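Heads up: the sequence shown runs through residues -18 to -1, 1 to 491, numbered per mature numbering (1 follows the signal peptide of the UniProt record, and there is no 0). This report concerns only the one structure given below.
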Amino acid sequence: CIHLSCLYLSNFLSLSVFQLQTFQVPSCVSKHELTSGVAIAHVLNKIDSSWFNETWLSRIKEDGGTNWRLKVSNLKKILQSMMEYYHDVLGQQVSDEHVPDVCLIGEMGDVTELGRLLQLVLGCAVSCDQKQEHIQQIMTLEESVQHVVMTAIQEVHNTPLLHTYFKRSTCAFRSILKQNFENAMKIEQVICLCVIQVSVLMEEKSSLQVELQSLRERLNRCETPDVSSTITNKKLLLLQSQMEQLQEENYRLDSSRDDLRVRADVLEREVTDLQLRNEELTSLAQEAQSLKDEMDILRHSSDRVSRLEAMVETYKRKLEDLGDLRRQVRLLEERNHVYMQRTCELEEELRRANAIRSQLDTYKRQAHEMSAKHSAEAMKAEKWQFEYKNLNDKYETLLKEREVPHRSLTSEQGDSVTVSINVCVCVDTVVRLQQENKTLCVQEESYRHRQEELQTQLEDSQRSQNTLETQNRLSQQQISELSALVEELQRALQEQDSKTEDVSNTHTH
C-alpha cells in the first residue's frame, strides 16, 4: 500500500481545504477546523443529500470548540455513515488500511489520519450519482491539484471504478486538448492578421510621412510674396486640413498599433500558456492512457487467472473422479481376483465331478454286469426251482406208490432202496438249491441296494455337474464383463494421466 508523505499530506490537506470552500460550507478556513467534523459533514450533505440528510446532519454537534471528545463523537458518526454509504450505496469494500483513526484526529489532530478521512470523502464525491459534476470541477483545477486528487483517488479506489474514472478523465483531457489546440490555432491566425495589419499600417504611415514631407517642401517652395492669392490660400487650407487629417490618422494608427502590439504580446503569452497547458495535459493523457493500458493488462491477467482457476478446479474434480475410478478399479480387481479363485475352485470341483462321473460310469457298467449276472442267476434259480418241483412231484408219486400193498417183498425192498436213495438225492439237491437260492436272493438284494445307491450318486453327480457348469458359464461371463470394464478404466486412466501431464506442462510454461 501507498502511504502519504508529510509533504504530500500537507499539500493534500491544503487543497482539500480549498475544495471544501468551493462547497460553500461553514467553518472551513484551516486544517485545524476540519478536525471537528462539521465542515466534512456539510460536504457529505452536499455530495449526497438523500443519504447524508438533514436529520443526520443535525446529529453533528457544531459547538465542539476544544472539546476533543465531542470532535471524536462527530468523526465517529461521519466515519460510520461513510462506511455504510460505501457498502450499501456504492457496493464497495474499504480496506482496513484506509480506515482512519478518528480518536487521533479529534484528540491529537493527526495529519495522516485526517488525510485518510478526506480521501474517503473524495472517494464518495467521485463515486456518487453527481460524480460527473465533481469530476468536471476537479478538471477545472490546476495541474498540481489534479495530480494530488488523482493520486488520492488511486489510493482509495481499488475497484473497477478507478478504470472508469481514468477513462472519463482521459476523454475529458482529450476534449480539453482538442479545444486548446483549436484555440491556439485561432490565436495564431489572429496574430498573423494583426501582424499583417501592423505591417500595412506601417507602410501607410511611412507613405504618409513621405507625402507629408513632400507637401511641406512644396509649401516652403510655394511661399512667395503673392501668397495672398485665393487659389494658393485654398490649396494651403486644403493641404493643412489634409495634413491634420493625416496626422490624426497617424495618431490613430499609432495608438491602434500599440494596442495591437499589446494584444499580440498578450496573445503570445496566452499561446505560451496554452502550449504549456497542452503539454501538461498531453503528459497527463499519456499517463492516463498508460494507466488504462495497465488496467487492461491487469483485467486480461485477471480473466486469465480466473480461467486458469476454473481449469484447476475442473482438473481437481477430474482427479477426484480419477481417484474414485481407481478405487473402483481396485475393487473390481479384488472382485475379479475373488471370481478367479471361485473359478479355480469350480474348475477343481468340475474335475472332481468328472472323476466322479467316470466312477459313476464304471459303477453303471458294473451295475449292468451285475444285472446281467442277476438275470442269469435268476434263470438258473428258476431252472433249479423247476427241477425241484419235478423232483418233488416224483417224491410225492413215490410216496403214493409206497403205500400200495400188493407188491412183492423183493420188489418192495428194491424199490424202497431206490426210493430212499432217490429221496436222499432229492433232499440233498433241494437243500443245496435252497441254499443257493437264498444266497442268490441275498446277492440280488445287495446288488439292488448297490444299484440304487449308485443311481442316487449318479443323479447327485449330474445335478452338481449341471450346477457347476451353470456357475462356470456365469463366472466366465462375469470375467469377460470385468475384463472389458478393466480395459475401459485403464484407457480412462491413461487419458486422465495424459491430460494431467498436459496441465502440469501448461502450468510449468
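Ideal Cβ positions, reconstructed from N, Cα and C, are used throughout, including at glycine. Predicted model, so just to flag it, every value in this text is computed and none were measured.
- Item | Assigned exposure category for residue 95 - 16 Cβ within 10 Å defines buried | Buried.
- Message: Using 7 Å as the threshold, is the C-beta distance between residue 436 and residue 358 below it?
- Response: With respect to residue 358, residue 436 sits apart: the two C-beta atoms are not nearer than 7 Å.
- Item | Cβ shell of residue 173 (< 8 Å), same chain only, five flanking positions each side left out | In chain order, 246, 249, 250, 253 place their CB closer than 8 Å to the CB of residue 173, counting only its own chain and leaving out the 5 sequence neighbours on each side.
- Query: Would you say residue 239 and residue 180 are within 7 Å of each other, going by their C-beta atoms?
  - Reply: Cβ atoms of residue 239 and residue 180: closer than 7 Å.
- Item | Same chain, Cβ closer than 7 Å to residue 450, neighbours up to 5 away in sequence not counted | Within the same chain, and ignoring the five residues on either side of residue 450 in sequence, the residues whose Cβ sits closer than 7 Å to its Cβ are 328, 331, 332, 335.
- Where residue 290 falls, given that 16 or more other Cβ within 10 Å makes a residue buried: It counts as exposed.
- Message: If distances are taken between C-alpha atoms only, which option among 447, 80, 88, 243 comes closest to residue 58?
- Response: Selected option, being the one with the closest Cα: 88.
- Message: What would DSSP say about residue 112, mapped onto helix, strand or coil?
- Response: Residue 112 falls in the coil class under three-state DSSP.
- Assigned secondary structure, residue 493 (DSSP; H/G/I helix, E/B strand, else coil): With the chain running from -18 to 491 in the structure shown, residue 493 is simply not present.
- Any idea what DSSP makes of residue 92, helix, strand or coil? Taken through DSSP and simplified to helix, strand or coil, residue 92 comes out as coil.
- For residue 474, which residues from the same chain have a beta carbon less than 7 Å from its beta carbon, with the 5 sequence-adjacent residues on both sides left out? If we look at residue 474 and ignore the five residues flanking it on each side, its Cβ neighbours are 307.
- Message: To the nearest angstrom, how far is the alpha carbon of residue 461 from that of residue 310?
- Response: Cα to Cα, residue 461 sits roughly 16 Å from residue 310.
- Could you pull the start and end residues of the alpha helix (DSSP H) that residue 28 belongs to? Per DSSP, residue 28 is one residue of the alpha helix (DSSP H) stretching across 20 to 29.
- Do you know offhand how far residue 227's Cα is from residue 169's? Distance between the alpha carbons of residue 227 and residue 169 is about 33 Å.
- Query: For residue 448, is the classification buried or exposed, using 16 other Cβ atoms within 10 angstroms of its Cβ as the cut-off for buried?
  - Reply: Per the 10 Å Cβ criterion, exposed.
- Which value, in whole angstroms, describes the spacing of the CA atoms of residue 417 and residue 324? In this structure, the alpha-carbon of residue 417 lies about 56 Å from that of residue 324.
- Message: Rounded to whole angstroms, what is the Cα-Cα separation between residue 466 and residue 452?
- Response: Rounded to whole angstroms, residue 466 to residue 452 spans 21 Å at the Cα level.
- Message: Looking at residue 363: is its Cβ nearer than 7 Å to the Cβ of residue 454?
- Response: Not in contact: residue 363 and residue 454 (Cβ atoms no closer than 7 Å).
- Item | DSSP three-state assignment for residue 34, whether helix, strand or coil | Residue state for residue 34 is assigned as coil, using DSSP reduced to three classes.
- Nearest neighbour of residue 78, chosen from 70, 65, 71 [CA to CA]: For residue 78, the closest of 70, 65, 71 by C-alpha to C-alpha distance is 65.
- Item | C-beta atoms of residue 22 and residue 108 nearer than 7 Å | Contact flag unset, no.
- Task: Please classify residue 270: is it buried, with 16 or more other beta-carbons within 10 angstroms of its beta-carbon, or exposed?
- Result: Taking every protein chain shown into account, the CB of residue 270 has 16 or more other CB atoms within 10 angstroms, so this residue is buried.
- Leaving out five residues on either side along the sequence, give the residues of the same chain with a beta carbon under 8 Å from the beta carbon of residue 201. Contacts found: 218, 221.
- Message: On a Cα-Cα basis, can you pick out the residue from 121, 93, 463 that is closest to residue 315?
- Response: Nearest option by C-alpha distance: 463.
- Residue burial classification, residue 20 (beta-carbon count within 10 angstroms, cutoff 16): Note on residue 20: 16 or more other CB atoms within 10 angstroms of its CB, so buried under the neighbour-count rule.
- Message: At the level of alpha carbons, what is the spacing between residue 478 and residue 469?
- Response: When only Cα atoms are considered, residue 478 and residue 469 end up about 14 Å apart.
- Message: Taking the beta carbon of residue 69 as the centre, do at least 16 other beta carbons fall within 10 Å, making it buried, or is it exposed?
- Response: By the 10 Å Cβ count, residue 69 comes out exposed.
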